[in-house]
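Each remark here refers to the structure printed beneath this line.
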């Protein structure tokens with residue numbers, strides 16, 4: 002009968018604890034765990050930081066990035082303005098699909114060049130095709146000149162949903178909606194589970210599969226903690242309406258570069274703003290409205 | 048008589064026909080070039096067989112069609128090639144929007160003084176480069192010249208829906224007036240070269256150091 006456990010070979014609880022502690026201590030003293038930045042490991046969640054901790058964290062980040070890229074960095078944590086709710090408008094009858102916005106965004110927001118990450122996807126659809134679910138659209142079109150006859154173009158970035166699916170599924174609370182309507186990510190709290198990418202109906206979230214590769218002379222050193230600061234490997238990132246610009250009153254980079262002026266940006270709570278005029282006077286729709294995500298990104302024509 | 052093979056006879060017939068065809072249209076090539084005579088009244092222009100004034104390519108200038116004769120005096124080769132030929136391609140040239148509609152003056156005037164009627168000509172606005180124009184005159188320029196026909200577009204522009212604004216969404220803005228984006232002599236947007244397409248996931252390779 003071998004029902005009785007063999008006491009000699011089986012490890013008892015005390016023995017296991019001893020071995021485990023010894024093992025952990027061994028690992029910690031050796032090189033294996035030395036790569037972990039312990040300050041960052043114990044860093045609080047952005048929303049829970051008090052003023053002093055925030056200040057010291059930003060200083061630490063500035064130091065770290067300056068050392069890494071060899072240039073002076075500014076990492077801000079500009080708070081949202083009172084009475085603002087950002088909205089975005091895009092004129093579909095103007096957009097010619099030239100992708101100027103895509104690359105302006107890459108430069109402004111320090112996206113990885115290799116492996117390539119683009120926060121904006123410009124979708125090309127044949128006129129007359131079923132388009133609302135984007136099944137028949139492509140982002141890999143490559144003609145010599147745009148616009149092409151018989152096609153229309155639709156740039157898609159983060160739609161800044163009021164009822165964001167991505168925020169609901171995040172298990173660590175690393176992503177949330179700010180009071181001014183911008184959905185942001187705390188890269189130091191993101192564990193890279195990519196639930197949000199699966200949940201987002203717009204494909205607006207992107208994952209750093211490798212350590213981001215940004216040329217040192219092209220990096221934007223004016224950064225925001227929740228926005229375009231350099232990201233580590235293994236976190237999710239997304240459009241933030243250029244939080245480092247818009248919270249200071251500037252237009253987003255994509256709106257400034259657009260050669261046909263198809264991109265509109267403004268405060269939805271300000272009755273005098275461009276966005277409000279657009280909503281009142283133009284034919285406006287939102288993407289995948291049936292999902293009740295309530296985006297603040299309005300397409301018009 | 049030696050019988051000629053049918054194949055040889057046929058090819059000889061084709062050759063003769065081809066010769067005849069070529070001879071019957073002796074002036075198929077270079078006809079326009081030969082018969083363009085330099086115009087005496089309009090330096091740099093030509094007169095075609097119908098007595099119309101055309102440019103060196105035999106192109107009938109709509110400027111003359113509409114009896115707008117500014118170029119007769121204001122002729123500079125460079126400007127003409129850059130501005131007037133551009134205008135000739137545009138929709139404006141087909142819809143009688145001639146020089147004076149924007150530049151002012153009256154080209155049908157009896158003398159130079161009348162042609163350059165100062166009252167209908169806002170030389171200060173139209174002849175100043177836009178970056179040197181006083182700030183409050185900029186919207187006025189857009190309104191005066193383009194807005195007088197394109198009313199709906201002008202209304203949209205004045206609310207920031209058509210066209211572009213840069214600077215601050217809640218403060219000092221730069222208003223991009225019509226001619227900063229549109230070529231005033233040929234306002235329709237020209238096609239652009241797109242930036243490179245994104246790399247599809249199938250071709251997305253991780254760098255070697257991360258693969259380890």
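Residue numbers (the numbering used here), protein chains in the order written: chain U, 2 to 302; chain B, 48 to 259. The C-beta atom is built at its ideal place from N, Cα and C for all residues, glycine as well.
Residue 215 of chain B reaches chain U at 249, 250, 251, 252, counting residues in chain order whose Cβ is nearer than 9 angstroms. Shown here, residue 81 of chain U sits in coil according to DSSP, grouped into three states, outside any helix or strand. Within the same chain, 265, 267 come within 6 angstroms of residue 275 of chain U by CB-CB distance, once the 5 residues on both sides are set aside.
Assignment of beta-bridge partners to residue 100 of chain B by DSSP yields B:94.
Scanning chain B for C-beta atoms nearer than 7 angstroms to the C-beta of residue 119 of chain U yields 245, reported in chain order. Residue pairing by DSSP places residue 177 of chain U opposite U:185 in a beta bridge.
Out of U:248, U:188, U:117, U:214, the CA that lies nearest to the CA of residue 216 of chain B is found in U:248. Taking 8 angstroms as the cut-off, the Cβ atoms of residue 166 of chain U and residue 202 of chain U count as close. For residue 241 of chain B, the nearest beta carbon of chain U is closer than 8 angstroms to its own beta carbon. Around the C-beta of residue 159 of chain B, fewer than 16 other C-beta atoms lie within 10 Å, and the residue is accordingly described as exposed.
Ranked by how close their Cα comes to the Cα of residue 153 of chain U, the residues U:126, U:229, U:63, U:135 have U:126 in first place. Taken atom to atom, the span from the alpha-carbon of residue 244 of chain B to that of residue 92 of chain B is near 46 angstroms. In this structure, the beta-carbon distance from residue 270 of chain U to residue 299 of chain U does not fall below 8 angstroms.
Spanning the alpha carbons of residue 258 of chain U and residue 288 of chain U requires a straight line of approximately 23 angstroms.
Rounded to the nearest angstrom, the gap between the Cα atoms of residue 188 of chain U and residue 231 of chain U is 9 angstroms. With fewer than 16 other Cβ atoms inside 10 Å of its own Cβ, residue 39 of chain U counts as exposed. Taking 8 angstroms as the cut-off between beta carbons, the residues of the segment 217–232 of chain B near chain U are 217, 218, 223, 228, in sequence order. The residues 137, in chain order, have a CB closer than 6 angstroms to that of residue 130 of chain U in the same chain once the five nearest residues on each side in sequence are set aside.
Within a 10 Å sphere around the beta-carbon of residue 72 of chain U sit fewer than 16 other beta-carbons, which makes this residue exposed.
For residue 225 of chain U, there is no enclosing alpha helix (DSSP H); the residue is found in the beta strand (DSSP E) stretching over 223–225. Residue 124 of chain U has its alpha-carbon roughly 31 angstroms from the corresponding atom of residue 197 of chain B. Counting along the chain, the unbroken beta strand (DSSP E) around residue 221 of chain B starts and ends at 220–222. The beta carbon of residue 158 of chain U is closer than 7 angstroms to those of 120, 121, 205, 240 in its chain, skipping five residues each way along the sequence. Runs of the alpha helix (DSSP H) lying entirely within the segment 38–101 of chain U and spanning at least 4 residues, in chain order: 39–42, 52–70. With 16 or more other CB atoms across the displayed protein chains lying within 10 angstroms of its CB, residue 105 of chain U is buried. Residue nearest to residue 249 of chain B within the set U:117, U:225, U:169, U:147 is U:117 (criterion: CA-CA distance).
Under the Cβ distance rule, residue 38 of chain U does not count among the residues neighbouring chain B, no pair being separated by less than 8 angstroms.
Here residue 141 of chain U is exposed: its Cβ has fewer than 16 other Cβ atoms, across all protein chains shown, within 10 Å.
In the three-state reduction of the DSSP assignment, residue 14 of chain U falls in the helix class, which pools H, G and I. Between residue 242 of chain U and residue 90 of chain U a beta carbon distance of about 12 angstroms is seen, past the 8 angstroms cut, so the two are scored as non-contacting. Annotation for residue 212 of chain B: 220, 221, 222, 223 place their beta carbon closer than 7 angstroms to its own, counting only its chain and skipping 5 residues before and after.
Not a single CB atom of chain B sits nearer than 8 angstroms to the CB of residue 287 of chain U. Cβ contact annotation for residue 217 of chain U (same chain, cutoff 8 angstroms, sequence separation greater than five): 70, 71, 72, in chain order. Those residues of the segment 81–98 of chain B placed with their C-beta closer than 8 angstroms to a C-beta in chain U do not exist. Between residue 219 of chain U and the set U:208, U:169, U:113, the nearest pair of CA atoms involves U:113. Listed as beta-bridge partners of residue 214 of chain B by DSSP are B:220.
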